[in-house]
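Notes follow the structure.
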Amino acid sequence: MPQRSRKSSLPARRQRPRKRSAKRNGAPERWLLLLVASGIIAIVAATLLLTPHELNVAEPMTVAQARASNAAVSIEADRRVSAYAFYFRGGPTAREQAAECLATAALYEAGDDERGQRAVMQVILNRLRAPGFPATICGVVYLGSGRPAGCQFSFTCDGSLQRRPVHVGWSLARRAARRALAGAVFADVGKATHYHADWIVPYWRNSMTKVAQVGPHLFYIRKIG
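Below is the structure:
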C-alpha cells in the first residue's frame, strides 16, 4: 500500500511545475503585446505632431499669400550658371526608357508648354549629376514615389499616373527629351536642382537661392556657404 501511494502521487507532483511554467511563459507574451501596442500609439502620436517641414510638404498658405511671398524673393540671375551638356551613354533600350521618364515628368509637371518642359528636364539632368540623388534618370524622377509624402515630383505619388493625359504635348515632350539626352542644354534655369510652382511655398525655399522663373515655376540652386 505505501508503494502504491507513492506511485499515485508522482503524476500530481509532475503536473504542478508545468502549470507554473505556463503562467511564467504567458507573462512575457503579454508584456510584448503591451510594448508593441505602446510603440504603435507613440508612432501615431508623433506623426500627428509632425510639422510641414518634417513631412516634406509646403507651408499652409492661400494661393494669393504664396504668390505674394514668392514674389518678395528676388531672382539672383548672376548666380545662374549654364549647365554642361549631357550625353546619354546607354544602349537603345535604356535610352528610350530614359527619354520616356524625362518626357513623362516634363509633361505632367509643365503640360504642353515647351519651355516649361525643357526646364523640368534640365532640373532632372542637373540632379543626376548632383550628390544625394539617384544615378539614373528614371531613379531621379521616381525618387520617393512609394511614400505618401516626400516624392520629388508630385505626379509620381498623387494619383496622376492613373490619369495619363493624351494630347499633343506627348510628342513635343518626347522630342525634347531625346534632344536633352543628346546634349541640348536649357540655359535659362542654369544648374537649378529644385523648383516649385508659384502658388506654393515649400519648406526648403528660404534655404536656397532663386535663379530663374519659367512660366509659373521658380527655380533654385543650393546656397553656397
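Taken in order, the sequence shown gives residues 3 to 227; the numbers are from the numbering used here.
By construction, the Cβ of each residue, glycine as well, lies at the ideal position given by its N, Cα and C atoms.
Computed from a prediction, not measured in an experiment: that's the story for all the values here.
- Residue pairing from DSSP places F221 in a beta bridge opposite Y197 and A214.
- Here the alpha carbons of A87 and V187 stand approximately 6 Å from one another.
- With respect to R117, K193 sits apart: the two C-beta atoms are not nearer than 9 Å.
- The Cβ neighbour count for G171, taken over all protein chains shown within 10 Å, is at least 16; the residue is labelled buried.
- The C-beta distance from H219 to Y205 rounds to 17 Å, too long to fall under 8 Å, and the pair is not in contact.
- Residue pairing by DSSP places Y86 in no beta bridge whatsoever.
- Annotated as proximal: V203 and S71, with beta-carbon spacing under 9 Å.
- Membership of R176 in the alpha helix (DSSP H) is indicated by the continuous run G171 to L183.
- A Cβ-Cβ contact shorter than 9 Å links L104 with L183.
- Around G113, the same chain offers G171 as residues with beta carbons nearer than 7 Å, after the five sequence neighbours per side are excluded.
- Around the beta carbon of A79, a 10 Å sphere encloses fewer than 16 other beta carbons of the protein chains shown; the residue is thus reported as exposed.
- Here E111 has V122 as same chain residues with Cβ atoms under 6 Å from its own Cβ, once five neighbours each way along the sequence are excluded.
- Comparing alpha-carbon positions, the option among P133, V143 and D115 lying closest to I126 turns out to be V143.
- The criterion of a C-beta distance shorter than 9 Å is satisfied by A100 and A179.
- Exclusion of the five residues before and after V75 leaves K212 as the residues of its chain whose Cβ lies within less than 6 Å of its Cβ.
- An exposed status is given to Y89, since fewer than 16 other beta-carbon atoms sit within 10 Å of its beta-carbon.
- With respect to Q119, L109 sits close: the two C-beta atoms are nearer than 9 Å.
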